[in-house]
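Presented below is the structure to which this report refers.
Number of protein chains: 4
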Amino acid sequence: MHNETSTEIRVRYCETDAMGFLHHSNYLNYFEIGRTELFREQGGDYRAMEESGLFFVVVKVNVNYKQPARYDDVLTLKTRISKLMPAKLEHEYEVWRGDDLLASAQTVLACVDRQGCVQRIPEYVTEG
Amino acid sequence: MHNETSTEIRVRYCETDAMGFLHHSNYLNYFEIGRTELFREQGGDYRAMEESGLFFVVVKVNVNYKQPARYDDVLTLKTRISKLMPAKLEHEYEVWRGDDLLASAQTVLACVDRQGCVQRIPEYVTEG
Amino acid sequence: MHNETSTEIRVRYCETDAMGFLHHSNYLNYFEIGRTELFREQGGDYRAMEESGLFFVVVKVNVNYKQPARYDDVLTLKTRISKLMPAKLEHEYEVWRGDDLLASAQTVLACVDRQGCVQRIPEYVTEG
Amino acid sequence: MHNETSTEIRVRYCETDAMGFLHHSNYLNYFEIGRTELFREQGGDYRAMEESGLFFVVVKVNVNYKQPARYDDVLTLKTRISKLMPAKLEHEYEVWRGDDLLASAQTVLACVDRQGCVQRIPEYVTEG
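Chains as they are written, first to last, in the working numbering: chain P, 1 to 128; chain H, 129 to 256; chain S, 257 to 384; chain W, 385 to 512.
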């Protein structure tokens, strides 16, 4: 199973704030892109998974912001699965601009059905 | 039928951009708030309408931006229904900060079902 | 010093996602609203502080998501200062819908100047 | 001068709404990406232009939405300059998913300085 991927993301103007920096909430959107791309590389398709009635919901987010990013910066997001539990998935992330680490983070996702009940993660996810 | 309402909206930090202004795309989100509030004042409940399987989708947007807004500005959004068609609804909007008109706009919404097929607007919407 | 405040926030349609829930990144924007309002109640004005050349930047965010929110839900955000350091400020947050706790969180902000150098938090902030 | 460019954009989960579609306000953010990329292909650098004290502000937006987009769709955005005035720039946009035209739009930008005063567009922009 691929359990790590690297994604290039260019900072959009609409993602900056009055301080002139990438607004800190957008990192969570970037991490979501990283998860989509990692899942795709594993041969998965998160959209198809949702259509089948299974969802990953974010239950925990920790972010450490070290340096700011600016409009038009090209960032490298590293996403990896750090822990695989029966119904939960832990990811770790790093956001780099060249050799500068801008942020590191961790999320925990839970697998649920349409009613929000916790479900065992299907094998095609964990087997990749 | 109430066909006009006035809503106070305070500009959020996350809505500003590197120029120091309210980013222009957020006006569309404000107009959506205006429509929700106007509908509520008419006795409607857009969430209940969606749960019943009818949706309003935006088919046209025109915005004229005259002056910028900044973080923490308190804006007054005026929303009114300017035209009522069997399956479409036209709204007009003005965004004011005190006596300064910051933007004016117009949207057209179409009423559709879950499959995206155009539907006659239910009477409880047009009768308010 | 007031070190706690309660803010009502209604979930906007644009803040929901395809799962039908308030997208998890928007909680960070809500916490920012809470900080603005708490600062205002303390007699401060974050916009004026920025104009004077001092900024609070987010250096750490931890969020625990317990239950989802939906479009048009009226949420109560509780924001309090949990720790005051010479150049840093720790806040704690809870997001409630009626008697249901939807999320709890913690952030750490650092006080910096225009060049991003860490600065002692001015007394008018800590004295409220 | 290149006056047209084509940009691929993948719909992010955070850009969808409870209807399951790309929220209509995000198209304005996509158009902004198209302008950045068109400017870059012309040899320009919008970030450097802002640092030199000149800005493009959006003064008019017209969008026609024809069909919805969904999470993970790969869209093709076509951006072209349709009119060049001394202090204003008109762009036209089309958003395609394969052979389906999802939206078409037009914006007008004005060139301003830090004080918001209208400025003649510098030759390096119009000469590309």
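Ideal placement from N, C-alpha and C gives every residue a C-beta, glycine not left out.
Nothing here was measured: the structure is a model prediction, and the numbers come from that model.
For H/G162, same chain residues with a beta-carbon under 8 Å away, outside a window of 5 residues either side, are T133, T135, L205, K206, T207, H219, Y221 in chain order. Take S/H280, set aside five residues on each side of it, and the residues of its chain with a beta-carbon closer than 8 Å to its own are V319, Y321, in chain order. DSSP places H/V202 within a strand segment (E or B) once states are collapsed to three. For S/M275, the chain P residues whose Cβ falls inside 7 Å of its Cβ are F55, in order along the chain. Excluding sequence positions up to five before and after P/D17, its CB lies within less than 7 Å of the CB of H23, all in the same chain and listed in chain order.
Note on geometry: alpha-carbon atoms of P/E50 and W/R498 lie some 47 Å from one another.
Excluding five sequence positions before and after S/A359, the CB atoms of its chain that fall closer than 7 Å to its own CB belong to Y283, V319, N320, Y321, K322, V351, given in chain order.
Under the DSSP assignment, W/I417 falls in the alpha helix (DSSP H) whose first and last residues are 410–425. Per DSSP, P/T126 is one residue of the alpha helix (DSSP H) stretching across 123–126. Here DSSP, grouped into helix, strand and coil, assigns H/R242 to coil. S/V314 has a beta carbon lying within less than 9 Å of a beta carbon in chain P.
In this chain, the beta strand (DSSP E) harbouring S/E260 covers 260–266. W/R431 sits in a helix when the DSSP states are folded into three classes. Comparing alpha carbon positions, the residue from P/T126, P/K88, P/L101, P/G98 closest to P/C111 is P/K88. At a C-beta separation below 8 Å, W/R498 has no neighbours in chain P, since its nearest C-beta there lies roughly 13 Å away. Within the segment 286–300 of chain S, contact with chain H at the beta-carbon level (separation under 8 Å) is assigned to E288, I289, T292. Using a Cβ-Cβ cut-off of 9 Å, W/H475 is close to nothing in chain S; its nearest Cβ partner there is about 23 Å away. For S/L331 and H/Y141, the gap between their C-alpha atoms comes out near 19 Å. Sequence-distant partners of P/I9 (beyond 5 residues in either direction) whose C-beta falls short of 7 Å from its own C-beta, in its chain, are Y30, I33, L75, L77. Per the C-alpha coordinates, the member of S/Y380, S/A325, S/P378 positioned closest to S/L357 is S/A325. Under the criterion of beta carbons closer than 8 Å, S/L340 and S/T292 do not qualify as touching, at roughly 18 Å.
Closer than 9 Å to the CB of H/Y193 there is not a single CB belonging to chain P. At a cut-off of 9 Å, the C-beta of P/Y27 has no neighbouring C-beta in chain H. At least one CB atom of chain S sits nearer than 9 Å to the CB of P/V61.
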